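Presented below is the structure to which this report refers.
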Amino acid sequence: MITVRKLEDGTKRFQVYARARIRDQRTRVYVGTFATRRDAEDADAQHRVTQRQIKAGDLPPAVDSKRTLGDALDAWLRAIADQRSHDEYADRMRLYVRPTFDSTPVVKITKAKLIDLRTSLKHREKPIGNATINTLFAALSAAYSYFIEQGWCAENPLKFIRDLEVAERPFVWLQSAGEVQKLLHECNDNIRTLVAVLVGTGMRLDEALHLMWVDVDLQHRVIHVHRGRRGAPKSGRLRHVPIFDSVLTVLREMKLAKGENTLLWPGAKRDKFEEQLPRNKTSVFRPFKAAVLRAKLPKKFRLHDLRHTFAGLFLASGGDIFKLSKILGHSSVAITQQVYAHLHPDAFAEDYSRVSFAMPEKAGVLLKLQA
């Protein structure tokens, strides 16, 4: 189909739209805009020939050869708007991918070009770490899966790009109840209960800030974790976190003083329906860091390390790693084992004698004495 578009200066442009088969579905596609009707008719005829060749199997299925990566990313980000990873993905694409490929057609981006991008990120003035690059490329690969579903390209150029090696770095965690108590003592009243629940349950900060009292069952001693800033928690699954003795005391005292609050840690703002909004993360980070310094704990100790501390203390006291995996909400116990199995320095104290053998004594050596 050819449509005529009249510009402000009176000239005409001829736009060609046609039907094409993309991923076994017939759909309307834009062929192009031309200065003359003759050019438009030629393009329309060529498109029809191409479609017949595709149908006969002489050419690969049609793709959207004009859609830029920038437009495609915008559509993908809209499609995942409800996912908790949306903001992180949007920021990383804006910082690292869009400056190079925003106006490049999706089908023109090759494996070689992506490897060049990765190299440039590693060697820029402020280099990007391997772990960040791997996460970036994993997100971009997910985007390409969406592009293929939409018929904008036929294959994923990231499919055969291997991850960069990432050196494992030990994280900081508090290795005794005494250190935990020291930290809680130095916390201001406005974060003390939050820190206590985080270190006593292993929950993520985002999950805790969105907890409502209806999620907390003190009678059966369980917290139902199923919401975060963008809906479901990171794993995408509802999980049940047991309420241990120390946390039970904290939550009971909080409930007695909760008043009309529906959230455990409400913020100062309300939404358009006058419902409470969760406390902002930034209002937690600064006082927490100050408490860490006052407690003379390692400066590198982060709020997320409370989760690692919970895991370490749980295992050190004889906790089962399979139960820990469920509590933390990991998708598999293999992840838990990889991260936490060797956390405690005494983890193998009872195992050192399991594989035992004696080395044979060396035969005596005769030494020649000098006169």
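This note's numbering puts the first residue of the sequence shown at 411, with every later residue one more than the last.
Ideal placement from N, C-alpha and C gives every residue a C-beta, glycine not left out.
Because the structure is a prediction, the values reported are computed rather than measured.
{"Item": "Minimum C-alpha distance to Val-694 - residue among Arg-429, Cys-597 and Lys-679", "Value": "Cys-597"}
{"Item": "Residues of its chain near Ala-489, where Cβ-Cβ distance is below 8 angstroms and the 5 sequence neighbours each way are ignored", "Value": "Tyr-556"}
{"Item": "Contact check, Met-613 vs Thr-672, beta carbons under 8 angstroms", "Value": "no"}
{"Item": "Rounded distance between the beta-carbons of Val-605 and Leu-594, thought under 8 angstroms", "Value": "6 angstroms"}
{"Item": "Runs of alpha helix (DSSP H) lying entirely within the segment 616-661, each at least 4 residues, in chain order", "Value": "none"}
{"Item": "Straight-line gap, Glu-578 to Glu-589 (C-alpha atoms, nearest Å)", "Value": "25 angstroms"}
{"Item": "In DSSP terms, what Leu-673 is bridged to", "Value": "Met-622"}
{"Item": "Supposed contact pair Leu-687 and Arg-680 - C-beta distance, whole angstroms, cut 8 angstroms", "Value": "6 angstroms"}
{"Item": "Leu-786 in three-state terms, based on DSSP", "Value": "Outside the shown range of the chain (411 to 781) lies residue 786, about which nothing can therefore be said."}
{"Item": "Minimum C-alpha distance to Asp-616 - residue among Ser-495, Asp-627 and Arg-462", "Value": "Ser-495"}
{"Item": "Member of Gln-461, Thr-542, Ser-656 and Asp-599 whose CA lies at the smallest distance from the CA of Val-439", "Value": "Gln-461"}
{"Item": "The segment 514-530 contacting the segment 559-578, beta-carbon criterion three pairs below 8 angstroms", "Value": "yes"}
{"Item": "Cβ contact check for the segment 411-425 and the segment 439-448: 3 or more pairs under 8 angstroms", "Value": "yes"}
{"Item": "For Arg-637, the nearest candidate out of Lys-476, Val-517, Ala-428 and Gln-493 (CA to CA)", "Value": "Gln-493"}
{"Item": "Residue environment, Pro-509, which counts as buried when at least 16 other CB atoms sit within 10 Å", "Value": "exposed"}
{"Item": "Whole-angstrom distance between Leu-658 and Leu-628, CA atom to CA atom", "Value": "7 angstroms"}
{"Item": "Close Cβ partners of Asn-566 (< 7 angstroms) along its chain, the five nearest in sequence each way excluded", "Value": "Ser-551, Tyr-554, Ser-555 and Ile-558"}
{"Item": "Neighbourhood of Lys-416 by C-beta, 7 angstroms cutoff - its chain only, sequence neighbours within 5 removed", "Value": "Lys-422"}
{"Item": "Assigned secondary structure, Phe-711 (DSSP; H/G/I helix, E/B strand, else coil)", "Value": "coil"}
{"Item": "Straight-line Cα distance separating Lys-592 from Lys-706", "Value": "9 angstroms"}
{"Item": "Ile-519 in three-state terms, based on DSSP", "Value": "coil"}
{"Item": "Where Gln-747 sits in the DSSP three-state scheme", "Value": "helix"}
{"Item": "Proximity below 8 angstroms, CB of Thr-611 to CB of Ile-633", "Value": "yes"}
{"Item": "Extent of the continuous alpha helix (DSSP H) run through Val-694", "Value": "692-704"}
{"Item": "Counted within 10 angstroms of its Cβ, other Cβ atoms place Thr-692 as buried (16 or more) or exposed", "Value": "exposed"}
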